[in-house]
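Enquirer: If you count by mature numbering (1 follows the signal peptide of the UniProt record, and there is no 0), then the sequence shown holds residues -21 to -1, 1 to 248, one letter each, in order.
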Amino acid sequence: MKMSRLLAAAALLLSATAARATSSTTFWTPATTYVQPYLVPHLTYDTYVSERSAFQNDYGLTVGVLPFEKLQAEVGIDSFMPGLASTNLYLNAKLGVPEGAFGEWSPGLSGGIYGVGFKSDVSDFDILHAELGKTFPMIGALTVGGYYGLNDKLLVSSSGDVQRAGFMAGWTSPDVVLNLTGLNKINFTADVQTGKNAFGAVGGGIGLYFTPAIDILTGPVFFFDSNATTMLPGPGIRGTGRPDWLWTVQLDVDLDWHKLVPAAAAPKA
């Protein structure tokens, strides 16, 4: 009986639904107004590889922290392994107003910070960002925004020029719902963050949703200054070269613990 309950709970957990199964990024950037739902943990495992080089693996956790309908917030942490503990941890936080909060016309708004490290001269990028987004029929979700880095010693090009601010934009296509066994739906995403620094890149790919809460995003990321990726002490490029692009595979899982709590039984007559 105990084993059957554990299996039932696990099945329910893996089939949990969420507004979106991806983390609060589009593909490479935080150019999305989506915020993780309240008390729903989001787990991510990202790889970026090429034939000669790779980033360290990213293990991330994000969770929503506000219970309000029209004002949402999330906090998260990323660990890039293997690596030194003092330089491979990054914090992030985000506050957002969801699309349609004040009427069908109202866009989504969000702002936050990411790249918050623990060594000011090595890994503490402190990048502020803000976005505005709107979903259109037949087009999908479009988001535009910008960023500004508080640490001008780390947000530089490979030639040493300060590159601490720039433009961000993202796009997510409408869902192509399949409802097949093992493949619930697919969609397509693309985004860009300007600047010849460690974060400046453009990427895009396909999202494969095994359930509404479990998906894999995969596709290429092209860097505007591939040599600047050496400024990332945690996820910095490792290998024998500095490629202009890497291929990424991103596994995302939402864990909606609320689905594991059974509804209260109706009172007997």
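Don't be surprised by glycine CBs; every beta carbon is placed ideally from N, CA and C. Source: prediction; values computed, not measured.
(1) Going by beta-carbon coordinates alone, are Leu230 and Tyr24 separated by less than 8 Å?
(2) What would DSSP say about Ala207, mapped onto helix, strand or coil?
(3) Mind checking whether Gly184 and Phe59 have CB atoms under 8 Å apart?
(4) Return the Cβ separation of Met147 and Tyr126 in integer angstroms, given the expectation that the two are a contact with Cβ distance under 8 Å.
(5) So, helix, strand or coil for Trp150, using DSSP?
(6) Could you compute how far the alpha carbon of Val76 sits from the alpha carbon of Ser89?
(7) Answer yes or no: do Gly174 and Thr8 have a C-beta to C-beta separation smaller than 8 Å?
(8) Please report the residue range of the beta strand (DSSP E) in which Gly182 lies.
(9) Helix, strand or coil for Trp236 per DSSP?
(10) Within the same chain, show all residues whose beta-carbon is closer than 8 Å to that of Phe81, passing over the 5 residues directly before and after it, in chain order.
(11) Is the CB of Glu78 under 8 Å away from at least one CB in chain C?
(12) What residues match up with Leu121 in a beta bridge as DSSP calls it?
(13) Between which residues of its own chain and Val155 is the CB-CB distance below 8 Å, once the five residues before and five after are set aside?
(14) Assign Arg31 to buried or exposed, taking buried as 16 or more other Cβ atoms, counted over all protein chains shown, within 10 Å of its Cβ.
(15) Going by Cα to Cα distance, which pick from Gly112, Ser137, Asn130 and Gln35 is closest to Arg143?
(16) Apart from the five residues just before and just after Pro20, which ones in its own chain have a Cβ nearer than 7 Å to its Cβ?
(17) Identify every residue that forms a DSSP beta bridge with Val171.
Expert: The short version:
(1) yes
(2) helix
(3) no
(4) 6 Å
(5) strand
(6) 6 Å
(7) no
(8) Ala180 to Thr190
(9) helix
(10) Lys49
(11) Judged by its chain identifiers, the structure shown contains no chain C, having just a single protein chain.
(12) Lys113 and Trp150
(13) Lys164, Ile165 and Asn166
(14) exposed
(15) Asn130
(16) Leu40, Val42 and Leu234
(17) Ala148 and Val181
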